[in-house]
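To convert, count from 1 in the sequence shown and add 47; that's the working numbering. C-beta: ideal position from N, C-alpha, C; glycine also.
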Amino acid sequence: MADCVFCGIVAGSIPAFLVASSPAGVAFLDIRPVFKGHVLVVPRAHVVELQDLDPDLLSSYFRFVQLLSAAVPTAMGAQGTFVAMNNIVSQSVPHLHTHVVPRTKGDGLRGFFWPRRKYDSDDEAAAVAETIGKEYLRLSVTDSGRRE
């Protein structure tokens with residue numbers, strides 16, 4: 048879709064701090080993260096809501112999200128993740144996206160109040176994206192040596 052920011056990121060025409068890419072989707076850093084390492088995962092096709100996602104893509108899309116939810120805490124030194132998706136309400140970009148947010152006990156996040164932060168610089172954001180991307184690649188290699 049020509050006027051969709053996330054479609055532009057998927058196409059490479061809009062810059063983003065790319066974390067990982069798979070046939071199922073693209074993962075990149077949220078520019079207004081709840082915590083540093085907050086990743087957005089989007090399907091390649093333009094769909095607005097989860098119910099619009101082709102059922103044949105559900106498994107591969109959520110496997111991609113699952114691997115990123117394992118990569119983020121390791122890469123960011125966190126204890127876990129908060130994984131969330133909005134449909135229409137609170138969806139700042141009308142393109143399906145899944146938030147993968149690093150969490151640590153006592154990090155101050157309460158309920159659905161999401162204070163936003165910024166990266167200190169583009170270099171810091173690029174380094175965080177690269178670190179998570181490397182961990183994703185490590186996790187996505189199966190026992191047979193092929194990538195998911």
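Query: Cutoff 8 angstroms; reference Asp50; Cβ partners in own chain excluding five residues on either side; Result: none
Query: Identity of the residues DSSP links to Phe196 by a beta bridge; Result: There is no way to answer for residue 196, as the model of the chain reaches only from 48 to 195.
Query: Host alpha helix (DSSP H) of Ala122 (start-end); Result: Pro102 to Met123
Query: Where Leu186 falls: helix, strand or coil (DSSP); Result: helix
Query: Nearest residue (CA-CA) to His146, options Ala173, Tyr108 and Lys181; Result: Tyr108
Query: Residue interval of the beta strand (DSSP E) (run including Phe82); Result: Looking at the DSSP string, Phe82 is not in any beta strand (DSSP E), and its letter there is neither H nor E.
Query: Endpoints, alpha helix (DSSP H) assigned at Phe75; Result: Where Phe75 is concerned, there is no enclosing alpha helix (DSSP H), although the beta strand (DSSP E) it sits in stretches over Gly72 to Leu76.
Query: Lys83 beta carbon less than 8 angstroms from that of Tyr183; Result: no
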